[in-house]
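K.L.:
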Amino acid sequence: MVDMNAILVARRVGEIRLSLVRECSGDISRAMSKFGLTPDASLLVEQDREQAIEILAALLWKDQAYGHECMPEAAARSLAVQIISAYGDASSRYFSNRDASTTTAQSWSAMTESTFDSGIVVASEGGKYFCVWFEDED
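Quick note: the sequence shown uses the working numbering, first residue 13, plus one each step.
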């Protein structure tokens, strides 16, 4: 498993939500509510594993408000791979509120009260959900 503190130390700006919950109903909206996100699954876009890594790497690399580098790009990608590998498996599904084709905060659906927010929700068998969510202010 990835040391959760490593994520907090690596990205020192904004707010970060890190949660692992079990929601046996299989209802991702209920899991989102447990994460403190808007409980509306229609705001999420399913991603493949590589897209989830790219989104997470971009969020670790730069803040969403100003695009300032939080850590070197290679370190961000390495940490993103570690996180997705630790909390996802062959049966997992990956979701985000942003488009994987952009590394900017130009295309997303707000899930919190923050000016900018985005992240990854990993849904695995047995009702296991992992969330890493970043919030930045303008």
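Glycine is no exception: its CB is placed at the ideal position from the N, C-alpha and C atoms.
Sorted by chain position, which residues of the same chain lie with C-beta nearer than 8 Å to D81's C-beta, five sequence neighbours on each side aside?
P.N.:
Within the sequence shown, the letter at position 69 stands for residue 81. Contrary to the premise, residue 81 reads as Glu rather than Asp in this sequence. Here the set comprises W73, K74.
K.L.:
Cα separation between E58 and Y141?
P.N.:
One-based indexing of the sequence shown puts residue 58 at position 46. One-based indexing of the sequence shown puts residue 141 at position 129. E58 and Y141: Cα-Cα distance of roughly 14 Å.
K.L.:
Report all residues from its chain with a CB closer than 6 Å to the CB of S104; omit the five preceding and five following residues, and keep chain order.
P.N.:
Position 92 of the sequence shown holds residue 104. Excluding sequence neighbours, S104 sits near V134, S136.
K.L.:
The alpha helix (DSSP H) that contains E66, what's its start and end?
P.N.:
The residue you call residue 66 lines up with position 54 of the sequence shown. Looking at the DSSP string, the run of the alpha helix (DSSP H) that includes E66 is 61–73.
K.L.:
Taking only three categories from DSSP, how would you classify I135?
P.N.:
Within the sequence shown, numbered from 1, the residue matching residue 135 stands at position 123. Residue identity differs from the one stated: residue 135 is Ala in this sequence, not Ile. A135: strand per DSSP, three-state reduction.
K.L.:
Excluding the 5 residues flanking A18 on each side, which residues of the same chain have their C-beta closer than 8 Å to its C-beta?
P.N.:
Taking the sequence shown and counting its residues from 1, the one referred to as residue 18 is at position 6. The residues are L91.
K.L.:
Pair every Cβ in the region 42–59 with every Cβ in the region 92–99, then say whether three or more of these pairs are closer than 8 Å.
P.N.:
Short answer: they don't touch.
K.L.:
How is the alpha helix (DSSP H) around E85 delimited, first residue to last?
P.N.:
As a first step, residue 85 must be located in the sequence shown, where it is residue number 73. 85–99 is the span of the alpha helix (DSSP H), which, as asked, contains E85.
K.L.:
Taking L20 as part of the alpha helix (DSSP H), name the residues at either end of that continuous run.
P.N.:
The residue given as residue 20 occupies position 8 in the sequence shown. That run of the alpha helix (DSSP H) goes 16–22.
K.L.:
Is it right to say C36 is buried, meaning 16 or more other beta carbons lie within 10 angstroms of its own, or is it exposed?
P.N.:
Along the sequence shown, read from residue 1 onward, the residue named residue 36 stands at position 24. Counting Cβ neighbours within 10 Å, C36 comes out exposed, since fewer than 16 surround it.
K.L.:
Buried or exposed for L20, please, with buried defined as at least 16 other CB atoms from any protein chain shown within 10 angstroms of its CB.
P.N.:
Locating residue 20 in the sequence shown gives position 8, where the first residue counts as 1. L20 is exposed by the Cβ-count criterion.
K.L.:
Relative to the C-alpha of F47, which candidate in E125, A22, L30 has its C-alpha closest?
P.N.:
The residue labelled residue 47 in the question sits at position 35 within the sequence shown. Closest option to F47, Cα to Cα, is L30.
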